[in-house]
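Q: Sharing a structure with you now.
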Amino acid sequence: MKRTTTLFLTFYLIIFSCEDTNLTGSENVSEIENVTFSNLSTSISNNTLIASGTITNNNQSLSISPPWYIECQYYYENTSGNIFLIGGESTLISNALPAGVSLVWTLEHQVDNPDNYSNFTVNDLRAYKN
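Numbering-wise (my numbering), the sequence shown opens with residue 1301 and increments by one.
Below, the structure is given as structure tokens:
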């Protein structure tokens, strides 16, 4: 009986401890709505994967008050077509973003061998407040 209980608990932990999430940071944050990410570009400099773009506050009347954050996940595709997560980054924004105004942002992710990630992409962009 003890062995059956142990096997059941092990199976349960394996199945339910592996959550599928596309978040870099915590799930316990307030995602900012009514924003648009655009003009996304990627580049590599030394050992750094760089993602940059523009975020626009599409709200008609409300500013996004500081502090708030922008985050994304970095991915690459191998020669077999498999997609792998490299990692994620976020940055603190300490300025307010008024309604209808845009902000240019940049996120950088350090890697040991950037040549392995020449075709990296970014996804899972979000703006949030803690």
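We put the beta carbon where it would ideally sit given N, CA and C, even for glycine.
Fair warning: this is a prediction, and the values are worked out from it, not measured in the lab.
With a cut-off of 8 Å, do at least 3 Cβ pairs link the region 1390 to 1401 to the region 1357 to 1365?
A: Taking 8 Å as the limit for Cβ pairs, the verdict is that the region 1357 to 1365 does touch the region 1390 to 1401.
Q: Tell me which same chain residues have a C-beta within less than 8 Å of the C-beta of Leu-1385, skipping the five on either side of it?
A: Closer than 8 Å at Cβ, skipping near neighbours: Gln-1373, Tyr-1374 and Tyr-1375.
Q: Which value, in whole angstroms, describes the spacing of the CA atoms of Leu-1403 and Thr-1379?
A: Roughly 35 Å separates the two Cα atoms.
Q: On the CB-based measure, 16 or more other CB atoms within 10 Å of its CB, does Asn-1357 come out buried or exposed?
A: The residue is buried, with at least 16 neighbouring Cβ atoms inside 10 Å.
Q: Please list, in chain order, all residues of the same chain as His-1409 whose beta carbon is under 6 Å from its beta carbon, the five residues on each side excluded.
A: Within the same chain, His-1409 has close Cβ partners Leu-1349, Tyr-1374, Gly-1387 and Glu-1389.
Q: Hey, out of Asn-1346, Phe-1337 and Asp-1424, whose CA is closest to Trp-1405's CA?
A: Comparing Cα-Cα distances from Trp-1405 to each of Asn-1346, Phe-1337 and Asp-1424, the minimum goes to Phe-1337.
Q: What did DSSP end up calling Asn-1423 once you bin it into helix, strand or coil?
A: If DSSP states are grouped into helix, strand and coil, Asn-1423 belongs with the strands.
Q: Gly-1353: buried (16+ other C-beta within 10 angstroms of its C-beta) or exposed?
A: It counts as buried.
Q: Pop quiz: Thr-1342 and Ile-1370 are said to be a contact at Cβ under 8 Å. What is the actual Cβ separation, rounded to whole angstroms?
A: In fact, because the Cβ distance is near 15 Å, the residues do not count as touching under 8 Å.
Q: Would you list the residues sitting across from Leu-1385 in a DSSP beta bridge?
A: Note: Leu-1385 sits in a beta bridge opposite Tyr-1375.
Q: At which residues does the beta strand (DSSP E) containing Gly-1353 begin and terminate?
A: Element bounds for Gly-1353: 1348 to 1357.
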